[in-house]
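Worksheet for the structure shown next.
Residue numbers (the working numbering), protein chains in the order written: chain A, 131 to 821; chain B, 2 to 171.
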């Protein structure tokens, strides 16, 4: 129930067998391989073995390519719940061997590349066709061959839009208009375009023809008319004909894409897309493992005759490793020693099955450092307590417990998800308890106006309830803050434990004990505000505060040089900007626990609101009862989800910020043994065999 | 009860209730949309992160509920729904109005800012999916003030409508 002790292993073996050695380690899956160079002195003439990872890399690329193609054409209809938590594929050794033997990756890849090329080509051409069609569309109403509109040697032809108003205002008698021939192409209706929001400008398409020698003057004139030229495509035939042609081409290429879609199905080889994808994922896991093995091989070093690999192993696995290596490589030398204090040792924590769900939180925050202690056992009761109070409702608790039980049964193979489900299960039980104590059963659904007089929920509610936070809010608030004080004190105690483990006895007294004395004193003095304390108790409070404060002022600044600075440092840390804790920080942390009450109230008030709404509908004749049930179900499921999320996040926050802030420092490197299992794929053990 | 019954004090109470849920709801909607914008970008590249993202999006949604709770509590405590109606003076009404307004503002701003914090967390998850646990903490820090605001509101509403207090206020 703590951080597992690790041993450092160094194996020296003959050079020829280095691949086989790494393979054996990989199959055992219990040793993390580290860079062996780091443990050697610089002048040792060992070199890094040359390993070619290109085949594994290219295979992985190929697999990803096929998977991508399949995702494009055969998107899986994803189950909503599954998409919430991507689970690894589970396979067995027989299945893996079968796939390795039967699946022809290169052939599949070649086929996939061909399909992909055809597909991309078709897509590109369709895009081109569409741009051209877009260009042609404004010219659809020109019913002559485009060739006729080309400018000739002496004549320039322009086609484009002109605002109708300007066109009407043309004075044909002006001299320049004698040189220009023009005609409206679409006389009936023009292009309507909004200008400046209020005025719609109608533009008409006009063709102008004139001699090239007048080009400059005419162009100037046209720009005064706000003429917008349309560039003609370099085609000879009529626009309509070209459009039809393009339409046909587009259809053809679309058919090609459909064909590719059809052909992708061959990749499946009579499997469903899911099965085919699973095969590829297993293959991917296999090749990733091969690649990891090669990378591990490069972490070792070789001399002229020997190969050396180094790493960490759990202390309990040492025998297994030693026996296996000695049996398979009789000439090898294996040394197992304790890691030295300055080493960056990876961390693996192990907790008993019952306490394991909370390990998720420790992993989320960051693992403890190897020399420190594992906080997991110390955050069990408080986390479930907080969750239960935040979520407090008996019926929601039952729902959550059932959900957790079902999920944990379904997900036994997947460690992470399984832990989460069991966390929900325990959290549900805690919610049932606190829901019963605060008298919340689907909010206030037990009331006679919803379920009738003398219903069973009402009887149960009356039997268990001890405090209704809605009626006695202040008392409930004080309880919540009291829990906060206890949890903070627990945190300080753990800090003392941590310092004690490091043999820092001054720290235990000054950063731990002094704070506990001071804060107890303050709490007693604060009690005076609420009730009349006997004089003697109050005086004890003052006395404790003064003793503790003096201790803190004297010791908190012990890192600072100079007496005056030390004293000032102590005084400031009493307030709480620097140093191990502070009175203001303590008040802030404690008040933060008022969220326990607020979230507990949220759950039951929202539930009450839904009950109220449903209750109003109940009076409607005939369909009233059905509406009553529908509103209840929808409302409560909704409230269940949102409150569970809130309860989880906020209990987690209380643990991470207020509680961990007191004593814990995370962020160690997790222990990752070299082996096959990964997030992608895990092997179900059948019997011991070698991959 | 018919509308003619509503005296000024009572009217102010419901004005406050309206502000509480209106501002809070608007804030939540705003905050969620900020988070969703960020999330949509991430999901385009990494659809497998959907589950973790969903939590981040849902976080700024709680403020809307807090405002709703304040409004419902005002309604029940003043006897608008279920229960006996009590007399509410102008003073109490004014107090209630500003309690509702204060609650609304706290929820509105915290929801928007929580949305931004969620968005920041989402971009962290996008780069380092394993740090999802830490990313959830960012918005939770902001939400603290929404929770505290709600708690103060609830206390105010309960104490303002208890008969003893009413007598005291006149």
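Ideal Cβ placement from N, Cα and C applies to all residues, glycine included.
Interface annotation for the stretch 28 to 50 of chain B against chain A: 48, 49, criterion Cβ-Cβ distance under 8 Å. In this chain, the beta strand (DSSP E) harbouring residue 811/A covers 811 to 814. The stretch 430 to 438 of chain A and the stretch 174 to 189 of chain A touch, with no fewer than 3 CB-CB distances between them shorter than 8 Å. Secondary structure in the stretch 6 to 69 of chain B: no beta strand (DSSP E) run of 3 residues or longer lies completely within the stretch.
The beta carbon of residue 486/A sits no closer than 8 Å to any beta carbon of chain B.
By the criterion of a C-beta distance shorter than 7 Å, residue 481/A is surrounded in its chain by 131, 489, 506, 507, once the five residues flanking it on both sides are discounted.
In the structure shown, residue 286/A falls within a strand segment according to DSSP collapsed to helix, strand and coil. Just so you know, the alpha carbons of residue 248/A and residue 789/A end up roughly 60 Å apart. A contact is defined here as three or more CB-CB pairs under 8 Å, and the stretch 622 to 631 of chain A fails this definition with respect to the stretch 731 to 745 of chain A.
Residue 442/A carries a strand assignment under DSSP once its states are collapsed to helix, strand and coil. The contact set of residue 156/B on chain A, defined by CB atoms closer than 7 Å, consists of 603 in chain order.
The C-alpha of residue 401/A lies about 31 Å from the C-alpha of residue 423/A. For a Cβ distance threshold of 8 Å, residue set 724, 725, 728, 729, 780 of chain A lies close to residue 148/B, ordered along the chain.
A contact between stretches requires three or more CB pairs, one per stretch, nearer than 8 Å, and the stretch 49 to 59 of chain B meets this requirement with the stretch 123 to 139 of chain B.
Per DSSP, reduced to three states, the secondary structure at residue 143/A is strand. Taking C-alpha positions only, residue 586/A is separated from residue 576/A by approximately 8 Å.
Annotated three-state conformation of residue 309/A is coil, per DSSP. Of all residues in the stretch 766 to 779 of chain A, the ones placed with a Cβ closer than 8 Å to any Cβ belonging to chain B are 772, 775, 776, 779, in chain order. The beta carbon of residue 701/A is closer than 6 Å to those of 683 in its chain, skipping five residues each way along the sequence.
The alpha-carbon of residue 680/A is positioned some 58 Å away from that of residue 155/A. At a C-beta separation below 7 Å, residue 761/A has no neighbours in chain B, since its nearest C-beta there lies roughly 15 Å away.
Residue range 796 to 798 is occupied by the beta strand (DSSP E) that includes residue 797/A, with no alpha helix (DSSP H) assigned at that position. Against residue 141/B, the close residues of chain A are 779, 780, 782, 783, 786, 787, in the order they occur along the chain (beta-carbon pairs closer than 9 Å).
Considered as a whole, the stretch 541 to 619 of chain A harbours 545 to 568, 578 to 581, 586 to 594 as its complete alpha helix (DSSP H) runs of no fewer than 4 residues, in chain order.
Against chain A, the CB of residue 159/B has a partner CB under 8 Å away; the residue lies at that interface.
Here residue 132/B has 125, 126 as same chain residues with Cβ atoms under 8 Å from its own Cβ, once five neighbours each way along the sequence are excluded. Shown in chain order are the members of the stretch 728 to 751 of chain A whose Cβ falls below 9 Å from a Cβ of chain B: 728, 729, 731, 732, 735, 736, 738, 739, 742, 745, 746.
Around residue 571/A, the same chain offers 523, 524, 525, 565, 587, 590, 591 as residues with beta carbons nearer than 8 Å, after the five sequence neighbours per side are excluded. Scanning its chain for C-beta atoms nearer than 7 Å, with the 5 sequence neighbours on each side dropped, one finds around residue 596/A the residues 567, in chain order. If you look at residue 143/B, you'll find it in the alpha helix (DSSP H) that goes 133 to 161. When only Cα atoms are considered, residue 292/A and residue 358/A end up about 7 Å apart. With contacts defined by Cβ atoms closer than 8 Å, residue 415/A and residue 811/A form a contacting pair. Annotated as proximal: residue 479/A and residue 497/A, with beta-carbon spacing under 8 Å. Comparing alpha carbon positions, the residue from 193/A, 449/A, 251/A, 636/A closest to residue 412/A is 193/A.
As computed with DSSP, residue 132/A is found in a beta bridge with 480/A. Contact annotation: the stretch 798 to 812 of chain A does not touch the stretch 61 to 79 of chain B, with fewer than three C-beta pairs closer than 8 Å.
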